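The opening position of the sequence shown corresponds to residue -14 in my numbering, with each subsequent residue numbered one higher. For glycine and all other residues, C-beta sits at the position ideal for the given N, C-alpha and C. All values derive from a computational prediction rather than experimental measurement.
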Amino acid sequence: MFPLYQNVEENYIPLAHQQSCSSFQDISGFFCQREGTSPTFLSLNPSAYGVPTPTLGFLPDQVDIIASSHGLLVCRDRTGNNPYYVCNPATKNWKQLPKPEYYHGPDSSHVLAFELPGQKNDGHYQLVCAVPLIGQPIVCFEIYSSETGSWRCSEAICVELGYFSFEGVGFYTKGMAYWMTSEMQVLAFDLKNEVYGIMPLPFESSPCGGVLAQIHHELCYVGISNTSDDNYVIEMCCGYDLRLRQVIDLQLGSVPAGIGGYRILPYVEGDKLMILVGSVVYSYGLNDGEIEVISGEQEVEWPATAKFLPYANSLVRGV
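Below, the structure is given as structure tokens:
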């Protein structure tokens, strides 16, 4: 386990796929999925962005979406041996990963470590899985490398968290994988050195409705709560110790009456947050306070159990 004050060098994970220079640089939308249903795609600009098969029907099985990065999407079969698939929804190319060594149950959580080519990588990716052992307060780490085409089990074993569950989706940046837990803590894993750390969230912050993100070159937890009607409060906990740094009062005047579900979506571009309230996606500028309705096409409110993964159209090849 590494100390919370340790400085982690910025490193880039080699990736196995060449990315075309003509791919979009900004987010195209979100792959969304209600529990037990096929995925759908929520475009942030339907006239410009879309995918040919939003349900991912080109895959051989019914799948659950679990991770995404720079045009690649990781899914898992719902039945049988639950194989992993890595695919490019824009090109419909896909690959089935070999069976891992550990049993990856439904409580496992995943991060796709995929940097853009041209930095210090040659186009390879790694799928990092945090795997709780059944009936034991232990988390193991297993990593698939597209460069070797195989899994490896890390010697790092986390025993400090006790019994818990993962909350939301994992987050990756600068060689580090992060997961939020139900115990108001963040589990961090350094891919280069294969060591882990645990960071507590402030007591006043709630994991419900929040995400991990990188804002102004810092790791941040961004949470949201509803105070009354269309009034919301955004809390930002930043830095290596995730201290409460900023509280923002926010009024979304166009929220329909009776809407109960809300959350920060797992994507931050510069100073822009994406907020889902009911079926409406808003963007909020942290610097200028500007609020914009991005998408409001869906008529049915998204449940709290629905999963959202950011996606950018890309011509990644070799999947």
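Bounding residues of the beta strand (DSSP E) (the contiguous stretch that carries residue i)
i	result
Y110	Neither: Y110 is in no beta strand (DSSP E) and is coded neither H nor E.
F15	14 to 18
A173	170 to 175
F126	124 to 130
S53	48 to 54
Y181	180 to 185
P295	292 to 296
L229	228 to 236
Beta carbon of residue i nearer than 7 Å to that of residue j
i	j	result
E127	V116	yes
L197	Y217	no
Y247	L258	no
H95	I50	no
W136	E86	yes
When the options are compared against residue i, the one with the closest alpha-carbon
i	options	result
P185	L176, C223, D175	C223
S93	L271, S150, P83	S150
T40	Y129, P24, Y225, Q231	P24
F386	G56, I123, S139, F43	With the chain covering -14 to 304 only, the question about residue 386 has no answer from this structure.
R228	S264, V253, G208, S213	G208
T290	G194, G120, E203, C205	G194
K80	P91, G90, Y88, R61	R61
G155	F174, Y148, E168, S139	F174
D46	I123, Y70, I119, G147	Y70
V266	S213, I233, Y252, G182	Y252
L176	E168, K159, M169	K159
F293	T38, P37, S54, P31	S54
Y225	V36, V232, G255, P187	P187
Buried versus exposed call for residue i [16 or more other C-beta atoms within 10 Å across all chains shown]
i	result
R63	exposed
Q18	buried
Q4	The predicted model places Q4 with a pLDDT of 35, which falls under 50 and marks its position as unreliable; any figure quoted below should be read in that light. By the neighbour-count rule (16 or more Cβ atoms within 10 Å), Q4 is buried.
F43	exposed
G65	exposed
P295	buried
V144	exposed
H202	exposed
G108	buried
Test: residue i CB closer than 7 Å to a CB of chain B
i	result
Q47	Given the protein chain composition of this structure (a single chain), no chain B is represented.
Whole-Å CB distance - residue i paired with residue j, under 8 Å assumed
i	j	result
M161	E152	Not a contact, Cβ separation roughly 18 Å.
I279	L29	5 Å
Y157	S131	The Cβ separation is near 15 Å, so there is no contact.
E286	G263	5 Å
Heavy atom of the ligand COA within 6 Å of residue i beta-carbon
i	result
V48	The ligand COA is absent from the structure shown, which contains no ligand whatsoever.
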